[in-house]
């Protein structure tokens, strides 16, 4: 449970013990601001949280017709952490994991106040090649999460396909990588396919299906080949996964629990792919 926005939450300091009877007496006959859905009640170091339902109408302040106690002091924890954005569901869900069964009132960035209770994280495997480190796809996903561009408590599990480790297993004198941009180094004679090099020693191609087709087109022959397509690293347990794939030209492609974006992907394509994964897994929904 996380409020849709901290604007829906009103913090009130009170001078009475936070018991159900006292809360009921205090709320009786009161009006609430049109946007207010929740009250955080504070008496010194004690906190309680209630939700309110207001009478219909267009007035800025409307009569409270009912309320529900969400937590009392023994069920409520207060956390002050100026690094937490209280409208970022991932950050709030990560915090709630530390206080399972408790409602956590958070005073976070910009002194904004909200709360969270038992919000489960949605884990997505992000599979990409390295170097460079961190990988492009990992950076994009973390930006989307940190900026709150997706209204869901996503956490990324980054799975790296280490090209230098793969290269260390090659038996030939040379190794061919798809492009120089990766900044790979190893103790082999290294070629980069995007430079269409003259290959003078027996070499193994480390790449994907597109790399193999490019090699055959350039050199009119096949090469020893190690397939590092990220799709091959998807776990068979049905967990959600995001990969890059040379066969996807633009946008994204969704197959069951796996979303693929182009190698030269944009942050918008990555965001759309993540949203598609959330939808297919039944995790794309609004806040409380």
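Residue numbers (this note's numbering): 2 to 289.
Every residue gets a Cβ at the ideal spot worked out from N, C-alpha and C, and that includes glycine.
Proximal residues to residue i (C-beta, below 7 Å), its chain only, five neighbours per side dropped
i, result
"residue 198", "192"
"residue 163", "131"
"residue 285", "153, 276, 279"
"residue 239", "258"
Short Cβ contact (8 Å threshold) for residue i with residue j
i, j, result
"residue 55", "residue 46", "no"
"residue 127", "residue 41", "no"
"residue 73", "residue 52", "no"
"residue 37", "residue 9", "yes"
"residue 173", "residue 203", "yes"
"residue 87", "residue 109", "yes"
"residue 245", "residue 261", "yes"
"residue 229", "residue 167", "yes"
"residue 97", "residue 120", "yes"
"residue 99", "residue 62", "no"
When the options are compared against residue i, the one with the closest alpha-carbon
i, options, result
"residue 155", "113, 90, 103, 219", "90"
"residue 85", "117, 77, 66", "117"
"residue 151", "224, 24, 269", "269"
"residue 29", "20, 120, 68", "68"
"residue 20", "75, 98, 211, 96", "75"
"residue 187", "176, 146, 212", "176"
"residue 252", "265, 171, 242, 240", "265"
"residue 281", "247, 241, 246", "241"
"residue 137", "15, 243, 100, 6", "243"
"residue 94", "146, 12, 233, 159", "146"
"residue 272", "171, 168, 157, 210", "157"
"residue 134", "233, 125, 92, 161", "161"
"residue 16", "49, 33, 3, 247", "49"
"residue 122", "220, 92, 129", "92"
"residue 2", "210, 184, 39, 214", "39"
"residue 124", "112, 159, 144", "159"
"residue 7", "101, 100, 112, 18", "112"
Contacting residues, own chain, Cβ-Cβ under 6 Å from residue i (five flanking each side not counted)
i, result
"residue 287", "Since pLDDT at residue 287 reaches only 49, below the 50 mark, its modelled position is unreliable, and no value is offered."
"residue 216", "206, 224"
Neighbour-count burial assignment, residue i, 16 or more Cβ in a 10 Å radius
i, result
"residue 148", "exposed"
"residue 81", "exposed"
"residue 208", "buried"
"residue 43", "buried"
"residue 201", "exposed"
"residue 179", "buried"
"residue 129", "buried"
"residue 196", "exposed"
"residue 237", "exposed"
"residue 290", "Because the chain spans 2 through 289 in this model, residue 290 falls outside it and cannot be assessed."
Residue-chain proximity (residue i, chain C), Cβ-Cβ < 8 Å
i, result
"residue 228", "The structure shown contains no chain C; it holds only a single protein chain."
*At 3 residues or longer, and completely inside the segment 152-194: list those beta strand (DSSP E) runs for me, N to C.*
Complete beta strand (DSSP E) runs here, min 3: 155-163, 175-178, 190-193.
*Output the residue ranges of the beta strand (DSSP E) runs that lie fully inside the segment 92-145 and measure 3 residues or longer, sorted by chain position.*
104-108, 114-118, 123-131
_Report the start-end ranges of each beta strand (DSSP E) in the segment 206-231 that is 3 residues or longer and not cut off at the edges._
225-228
_Length-filtered (3 minimum) beta strand (DSSP E) runs lying within the segment 13-51_ = Whole beta strand (DSSP E) segments, 3+ residues: 32-34, 39-44.
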